[in-house]
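Those letters in the sequence shown? Residues 1 to 1156, by the UniProt record's numbering.
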Amino acid sequence: MSSASGIYSTTPHATMGRTSADHISHQRIAEKLIVLNDRSLGMLTRLYNIKKACADPKSKPAFLTDKSLDGAIKNIVKKFPVVDTKSNSTMFQYVNSMKTDITRNLSLYYYTFADLLDLRDHILQLLTTMDVAQCQLDITVNYDVTTAYLNLVVNLICLMILLSKVDDRRAVLGLFNAAYDLTHAQSEPSFPRLGQMIIDYENPLRKLAEDLGPLNRLIIAALKSVSALYVRRNISAEQWRKAELLSFTANPKQLLYTAVTEEIAGEYLSLDVMDRWIILCVTVCSSNALNDPILYNMYQRAMQSGLVIRLFRDEVFPIHSQLQAFFESIKGFAKKTHDIKDCYAVAVDTSIAIHRERRRFLRGALKDLCLLLKDQPGLLGPKALFVWMGLSYSRDEVLWYLRHVDAFPEPAKKNKRETEDINDKLLPELLFYMNELRSLVTKYAPVISRYYVRYIRGYEAVELRQIIQSLQNLREEDMIVMSSFVTAATELDRDSTDFSALRLDWFRLQATLSSQRSSFRLLDNKRFASVMNSTVFHLKMIDLQQEMLRETSDLSIFCFYTKQLENQLRQCLTLPSQSRFSISYAFICSHFVFALHDMCPEEKIHIVERGLSLCNMILEQLARETTNVISRLGEHEMMLFEKLSTRECAGIIAEVMPQKTGKHAANTVRRMPGEESVRIIRDQLTLPDKLTTALVELCSAVGYCRELTVSEHIFAPREFLCQEMERYLGEVLRESVIKDTQSGEHPRRPSEMLAILNAHISVLQMVDSCVSIDMMKLLTTALLQQTQPLDSQGSETLTSIYCKWYLEVLLRRASNCQIVYSDHFESFISNSENLPFAPEQYTDTQELNCLAQLIGPYGVKYLSERLIWHVASQITELNKIVRDNRDLLMAARTSFDKPERMRELVAQLSGADQRERRNTSNHHQNTPVGGAMESVLQRVTIIGEIIAFRDLLHNALHDVLEHRTPFLLASLHELNESIDERDRLAISEMCAAVGNKTTVDLALVNAIRTQAQNQRLTNPEEHYSISCLLFVFIAVSLPKLALASTSFFRAHILASQNNSHTIPLAVNTLAGALFTLHEKNDIVPRMKEFLALASSGLLQILGTPDAEAMKEHQSVFIILEQLVKRSPYLTFDLLESCFPYNLIRTSYLSCYNRHD
């Protein structure tokens, strides 16, 4: 308070005896009213925070709950305000040990109460000064002084009432003073008066009545001047309708005329403020005020309009119970007590309906204002007063609603009909139009400013000059001020930005000329006062538009009614007719900073964070509700898709076809797909219609603005929706891929998933037509995440789910011979009746094409990398087997033309290997195997199965890309065909990325290199030697396939039951990768060597006793032919030179005949 010591100090010119008109200006009444009202609001803020802190066990001072201080605190509270620390030294010993911490932590609390004491003294001094000066207050004449005076009185009353509601105030003050006394050996200087104030205001209304009793005359006069305005404002909505309030079109001839009244500033004065003036001021001046019929009538009407009034923020004053208790304590007021009970009954019975009708009227009126002003924004100039009135009236009703939602007694609610319930589901619409008007004023601020610059300069300045020239008895100093005011008004231009000095001059003049002893009495010159008030109001239209918006439509009160805000938002989002207005709650969060005050800076962080978190929550809820509607529409689209599926079609056919017994199927009424779109009644709404309507309404809220600013933070509602839809799309795909499966072990078919994706994309495209968002970017981002192993939320994607299933389920069963790869069908087919799924439904061309569309090139690349990793693991295991049998293989390599020696070596290689007796680390193998030769064949077969599936996947990707990007692929094909083999290797990775088959699998080369490094196989020559011997091992092992009946080549599917027909694919792929890795440029010689070994071993079967045991040797001959056929390194001429082709033709014929 020291910063205002110059204003508060008492000088010889400011004594109560010097009240002549010549010295009224020296009292600086105007300045004191402004400063003290501002300090009152600051003190209310500080006191409010102290009350909330003391009421919350988590935030109250820790000393108040300290068990060691419990005895001292009880003693302080009991004997307050007398705190004797010397005679009770034992009791205060813990206080003494903690005195430094106590004084430091409680100083903010204590000095806030001390500042309150100082502020109260200055307020009472100013009120007394104005009373002694015989000021005459009339809101229609000296508006600024009267409203400031009444606000100051009410602020004082609210401060004292709020003080009496602070818990532990005695304990806090007494404990601080005790610690201060123990530290400085004396009480804190202000404690005696402060303690007395606490005692005096235990019953605040009674004490305030004593303090303000001598000032009744001035308070009553000010209140009586409000009566006409209050009676005109506090009427029903029906009377508003009859008066055509807030209507531009009520009088079309005056549409372009400036809206001006004699009491222009009072037209938008808050009814809530007037109710506080009347109830609180009349209560503390009840001895005189209640005898005045005008004031008593106002008092009754105010008490009948509600049950509570505002003290500060969400602190309310229950009118009837408090006033009843107050008047019962005063003799002679028994009748007034009965009147208060009657008013309470009327308020309970009628106030809900009255205010509901007002809100209904204001919704329509504000909607009309918005539509007219959007179409003709130029009307904001002459009709700005209508905007302020509409905003002020609406805010009054919103504030009343917030305070009264929980104020009405429960029994009263139960006895009312549902229509009388206080819950207002249409409140968001009113809030929306309030925000719409605010936005229009902000957007067209230059239009309003330009209009009133011209209006004041061309009309009011001229009229003021004429009026001033006719004024008499005006002091010379006042005449100079008025002349300066008129000159400034005459010289207005568009660049004028600050007229606070002119407004302050008029405020000072009001205070000076309001004295009864002034030679010029303002009450006798009402025309002059009216024009001045009108001019000052119009000056605000130029430089104080934002302040006017704050004055008439500040909804920062929602910051302290967060639960109600959340409940209203939840209710709004579930009501389709109101959901488009839900965005208004996000705009309300930007008002929260208006609740801040400079005298309480410590709450800024909390209020700003609350505004940001609430705005974030509101936009998230809006986006989530929109996504829920999209989800339900997606489910409906899926239901339509199911109706058109082959399963549904099969069901229809089964019902129509006659039964096998010859009897016709029962006639059943079945709705055909498409019938849901046929309507008989136009007004009949289906579920999709309702959902579409709800979606349009929610999208309207999301698309209302591109961005909104809250406490210097920018929020983009559409980005919230995009993020939520992106999350939703990933979640719905993740849930759908494993939904409706009987065992839960296998996912949906890729074609079904693609249909589901398309159904949801069609719904999302509907959103694109409702709100302008970058749907292409959203879908690209969401679907790109599905091509990675994890999405942005760290959850599984379609790529990871399908990759895991194909590797761990489908290919594992293929390695166990339950699934067979068919060259004829170009897919994997079932080889067992016990499979829980049909493999061809996941691996045929159509399904893999759909899979490639789902997971994209990135997903295919990831899946291919995992497949190749497994191939490299198998090669590592094969290398281990080769190392264990190196000597035998080296001997076989040079002895292929010696049949007897080869039989011995093959017999030794076929023996059981100790390494293979242990459980292998192979991912696809469940049981250990016997001999090394069988292990090699099995592992090579597994490699062939993996490579076969990988080639199917690449072919599918190539087909999809050829359809999507034909020109890009054509360019790549031409490039691939126009370069030599060495350069072709450089682009093989790019070719593999688009599914184009290459001679050398560079990905496998890199994987083998990595595996070799991990196995510390760093000697290139040793690695090369092992690779050569591996092919020797495979070649000499081929005849072993003839022993197994499952090696029979089934001609109709071009496959063997044990998948041995994939060995050629594996051998060619391994040859290209391994010998490219070693960079010896000897792939062709090594393949010739392989062909020589293999053909020699197979020819040795013929004409020997082993031929009968090896019944499937003809199927193995076909494998040899397939190897040459698929190899880019071997030719049929070379095959003919070492293996008679007539044996291959005979083998094909034999296999076909055996199948037939």
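Don't be surprised by glycine CBs; every beta carbon is placed ideally from N, CA and C.
Residue i, DSSP secondary structure in three states
{"i": "Thr112", "result": "helix"}
{"i": "Gly306", "result": "coil"}
{"i": "Tyr858", "result": "helix"}
{"i": "Ile605", "result": "helix"}
{"i": "Pro318", "result": "strand"}
{"i": "Gly1072", "result": "helix"}
{"i": "Phe1054", "result": "The question names Phe, but residue 1054 in the sequence shown is Leu. Of the three classes helix, strand and coil, the one that applies to Leu1054 here is coil, per DSSP."}
{"i": "Cys649", "result": "helix"}
{"i": "Cys705", "result": "coil"}
{"i": "Thr927", "result": "Bear in mind that the predicted position of Thr927 carries a pLDDT of just 33, short of 50, making it unreliable; the figure below should be weighed with that in mind. Thr927 falls in the coil class under three-state DSSP."}
{"i": "residue 1158", "result": "The first residue shown for the chain is 1 and the last is 1156, placing residue 1158 beyond what the model contains."}
{"i": "Phe1049", "result": "strand"}
{"i": "Leu790", "result": "strand"}
{"i": "Cys699", "result": "helix"}
{"i": "Cys770", "result": "helix"}
{"i": "Ser515", "result": "strand"}
Nearest-angstrom beta carbon gap, residue j and residue i [assumed within contact, 8 Å]
{"i": "Leu698", "j": "Glu635", "result": "Contact flag wrong, Cβ pair sits at about 17 Å."}
{"i": "Leu708", "j": "Ala586", "result": "6 Å"}
{"i": "Ala956", "j": "Leu848", "result": "4 Å"}
{"i": "Lys1040", "j": "Ser910", "result": "7 Å"}
Check whether residue i and residue j have beta carbons under 7 Å apart
{"i": "Leu256", "j": "Pro382", "result": "yes"}
{"i": "Met753", "j": "Leu854", "result": "yes"}
{"i": "Val441", "j": "Ser590", "result": "no"}
{"i": "Asn1058", "j": "Ser1047", "result": "yes"}
{"i": "Ile942", "j": "Ser815", "result": "yes"}
{"i": "Leu685", "j": "Glu726", "result": "no"}
{"i": "Ile1063", "j": "Gly944", "result": "yes"}
{"i": "Met160", "j": "Pro204", "result": "yes"}
{"i": "Val166", "j": "Cys54", "result": "yes"}
Spatial neighbours of residue i in its chain, beta-carbon cut-off 6 Å, leaving aside the 5 residues before and after
{"i": "His746", "result": "Phe837"}
{"i": "Arg233", "result": "Leu271"}
{"i": "Glu263", "result": "Thr140"}
{"i": "Pro688", "result": "His636"}
{"i": "Gly195", "result": "Pro81"}
{"i": "Arg395", "result": "Ser553"}
Range of the contiguous beta strand (DSSP E) that encloses residue i
{"i": "Ser827", "result": "Ser827 to Ser830"}
{"i": "Phe715", "result": "His713 to Phe715"}
{"i": "Thr709", "result": "Leu708 to Val710"}
Sequence-distant residues of its chain with Cβ nearer than 7 Å to residue i (five each side left out)
{"i": "Gly1072", "result": "Thr999, Val1000, Asp1001 and Ile1083"}
{"i": "Ser700", "result": "Arg580"}
{"i": "Asp959", "result": "Asn849"}
{"i": "Ala259", "result": "Pro382, Lys383, Leu385 and Phe386"}
{"i": "Phe528", "result": "Ile467 and Leu471"}
Range covered by the alpha helix (DSSP H) that runs through residue i
{"i": "Thr283", "result": "Leu271 to Val284"}
{"i": "Phe528", "result": "Lys526 to Asp543"}
{"i": "Ile819", "result": "Note, Ile819: premise wrong, no alpha helix (DSSP H); beta strand (DSSP E) at Ile819 to Ser822."}
{"i": "Ile453", "result": "Checking the displayed sequence, the identity of residue 453 turns out to be Val instead of Ile. Run containing Val453: Ala445 to Tyr455, per the alpha helix (DSSP H) assignment."}
{"i": "Phe361", "result": "Ala334 to Asp375"}
{"i": "Thr183", "result": "Arg169 to His184"}
{"i": "Phe386", "result": "Ala384 to His404"}
{"i": "Ala992", "result": "Ser988 to Ala993"}
{"i": "Asp66", "result": "Premise fails: Asp66 is in no alpha helix (DSSP H) and is neither H nor E."}
{"i": "Ala237", "result": "Ala237 to Lys242"}
{"i": "Glu31", "result": "Ile29 to Ala55"}
Contacts around residue i, its chain only, beta-carbon distance under 8 Å, and the 5 residues preceding and following it disregarded
{"i": "Ala993", "result": "Pro857 and Lys861"}
{"i": "Ser351", "result": "Gln304, Ser305, Gly306, Leu307 and His404"}
{"i": "Pro318", "result": "Leu307, Val308 and Ala407"}
{"i": "Glu648", "result": "Glu642 and Pro673"}
{"i": "Asn1142", "result": "none"}
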